[in-house]
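S.K.: The following block contains the structure, expressed as structure tokens.
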Amino acid sequence: MEIKITPVRIRFDTIYIVQGDGIILVDGGDPKLFANFLKLVDDASIKPEDIRLLILTHGHWDHVGLAKEIKEFCSARVMMHKSDMHLLKDFPPSQPPGFTPWGKVIISLLKLYTRSLRIPVFDVDIPLGNDDFNLDEFGIPGKVVHTPGHSPGSVSVVLESGEAFVGDLAMNMFPMRLSPGLPIFGDDIQVIKDSWRKLRDMNVRTVYPAHGKSFPADIIVQGL
Ligand SMILES: [Zn+2]
Ligand SMILES: [Zn+2]
Numbered sequence: 000m001e002i003k004i005t006p007v008r009i010r011f012d013t014i015y016i017v018q019g020d021g022i023i024l025v026d027g028g029d030p031k032l033f034a035n036f037l038k039l040v041d042d043a044s045i046k047p048e049d050i051r052l053l054i055l056t057h058g059h060w061d062h063v064g065l066a067k068e069i070k071e072f073c074s075a076r077v078m079m080h081k082s083d084m085h086l087l088k089d090f091p092p093s094q095p096p097g098f099t100p101w102g103k104v105i106i107s108l109l110k111l112y113t114r115s116l117r118i119p120v121f122d123v124d125i126p127l128g129n130d131d132f133n134l135d136e137f138g139i140p141g142k143v144v145h146t147p148g149h150s151p152g153s154v155s156v157v158l159e160s161g162e163a164f165v166g167d168l169a170m171n172m173f174p175m176r177l178s179p180g181l182p183i184f185g186d187d188i189q190v191i192k193d194s195w196r197k198l199r200d201m202n203v204r205t206v207y208p209a210h211g212k213s214f215p216a217d218i219i220v221q222g223l
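In numbering that gives the first Met the number 0, the protein residues as written are 0 to 223.
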């Protein structure tokens, strides 16, 4: 099956449209930017009713902010890991600690940007545990796997063809990073590295981060 991957870049976030026999979305961006999302979906010539699933890689505000509107727009089911669902209720939204001095600066700025931001309320239709979730029923040859460390409930979407949509398990964009690599903020860098070992063992070849462009997985897995 041919898989088509369309990155929808909205300011700092990338939402991915993944098309096989069915269409799924990975991640759901900044809550202030739904108009940008609509335009880009239109540009991609996707019929909204064909989008069957929205997978949220984790519960941070910049990944779940559009979930309510996307759900209303296309009636996709929403999937995320149970361990991050409590983050949806936090006001202001919680931010993880920085791993590096620059990571700490960025987190301070993000706290300012989000100080009055409320995550629009939506229902999670498919709460995930730690087991893999096979995406066959959604027309996508691949699965959702638990890859914690950036947050407790972070997941990655891994296609049989070797592409992995990893949310914030990697970053490849200014002002976070100047080159592809591990995230500069999150819960636990050692747990992040364990998750990368899991992805390495699944033979992931190409990484699609939620912030920045895709890159070869070797850039990270060779340094583990
Ligand atoms: Zn995050
Ligand atoms: Zn993020």
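Cβ coordinates follow ideal geometry from the N, Cα and C atoms, glycine included. Owing to the predicted nature of the structure, the values given are computational and were not obtained by experimental measurement.
(1) Where are the beta strand (DSSP E) runs, 3 residues long or more, that stay fully inside the stretch 95-137, in chain order?
(2) Rounded C-beta distance between S153 and L168? I'm assuming under 8 Å.
(3) Give the secondary structure of N202 by DSSP, where H, G and I count as helix, E and B as strand, and everything else as coil.
(4) Residues near ligand 2, CB to any non-hydrogen atom under 5 Å, in chain order?
(5) Whose C-beta lies closer than 7 Å to the C-beta of K212 among residues of the same chain, with five residues either side of it excluded?
(6) For S150, is the beta carbon positioned less than 7 Å from some heavy atom of ligand 1?
(7) In the structure shown, what three-state DSSP assignment does S194 receive?
(8) Check this for me: beta carbons of V165 and P208, under 8 Å apart or not?
(9) Ignoring anything shorter than 3 residues, give me the beta strand (DSSP E) runs that lie fully in the stretch 38-104, in order along the chain.
(10) With a threshold of 16 other CB atoms inside 10 Å of the CB of Q94, please say whether the residue is buried or exposed.
(11) Would a C-beta distance cut-off of 8 Å place A43 and T5 closer than the cut-off?
(12) Do I45 and M78 come within 8 Å of each other at the CB atom, strictly closer than that value?
(13) On a CA-only basis, which of M84, T99 and D124 is nearest I62? Give me that one, please.
(14) Mapping DSSP to helix, strand and coil, what is D167?
(15) Quick one: measure Cβ to Cβ for H149 and M175, integer angstroms, because I've assumed they're closer than 8 Å.
(16) Let's test the definition: count the other Cβ atoms within 10 Å of the Cβ of L65 and tell me whether it reaches 16, buried, or not, exposed.
(17) Using 7 Å as the cut-off, classify the Cβ of H57 as near or not near the heavy atoms of ligand 1, replying yes or no.
(18) Could you tell me which of S194, L32 and I183 sits nearest to T146, measuring between CA atoms?
M.R.: The relevant details are as follows:
(1) Entirely contained in the stretch 95-137, the beta strand (DSSP E) runs reaching 3 residues are, in chain order, 125-127.
(2) As a working mapping, residue 153 is identified with position 154 in the sequence shown. As a working mapping, residue 168 is identified with position 169 in the sequence shown. Between L168 and S153 the Cβ distance is about 6 Å, and since that is below 8 Å, they are a contact.
(3) For the purposes of this step, residue 202 is identified with residue 203 of the sequence shown, where counting begins at 1. In this structure, N202 counts as coil in the three-state DSSP scheme.
(4) D61 and D167
(5) Here residue 212 refers to the residue found at position 213 when the sequence shown is read from its first residue. Cβ within range, chain order: N171.
(6) For the purposes of this step, residue 150 is taken as residue 151 along the sequence shown, with counting starting at 1. Yes, the beta carbon of S150 sits closer than 7 Å to at least one heavy atom of ligand 1.
(7) Position 195 of the sequence shown, counted from the first residue, corresponds to residue 194. It is helical.
(8) Residue 165 sits at position 166 when you count from the first residue of the sequence shown. Residue 208 sits at position 209 when you count from the first residue of the sequence shown. Yes, these two residues count as a Cβ contact at 8 Å.
(9) 50-54 and 76-80
(10) Counting from one through the sequence shown, the residue named residue 94 turns up at place 95. Classification of Q94: buried, given that the 10 Å Cβ count is 16 or more.
(11) Within the sequence shown, residue 43 is the residue found at index 44, counting from 1. Within the sequence shown, residue 5 is the residue found at index 6, counting from 1. Going by C-beta atoms, A43 is nearer than 8 Å to T5.
(12) Numbered from 1 along the sequence shown, position 79 holds the residue referred to as residue 78. Numbered from 1 along the sequence shown, position 46 holds the residue referred to as residue 45. Taking 8 Å as the Cβ cut-off, M78 and I45 do not qualify as a contacting pair.
(13) Counting from one through the sequence shown, the residue named residue 62 turns up at place 63. The amino acid at residue 62 is misidentified as Ile; the sequence shows His. With distances taken between Cα atoms, H62 lies closest to M84.
(14) The residue given as residue 167 occupies position 168 in the sequence shown. Three-state result, D167: coil.
(15) By 1-based counting over the sequence shown, the position of residue 149 is 150. By 1-based counting over the sequence shown, the position of residue 175 is 176. About 12 Å separates the two Cβ atoms, so there is no contact after all.
(16) Reading the sequence shown from its first residue, position 66 is the one you call residue 65. By the neighbour-count rule (16 or more Cβ atoms within 10 Å), L65 is buried.
(17) Within the sequence shown, the letter at position 58 stands for residue 57. Because some heavy atom of ligand 1 lies under 7 Å away, the Cβ of H57 counts as near it: yes.
(18) Taking the sequence shown and counting its residues from 1, the one referred to as residue 146 is at position 147. Looking at the Cα atoms, S194 is the closest of the given residues.
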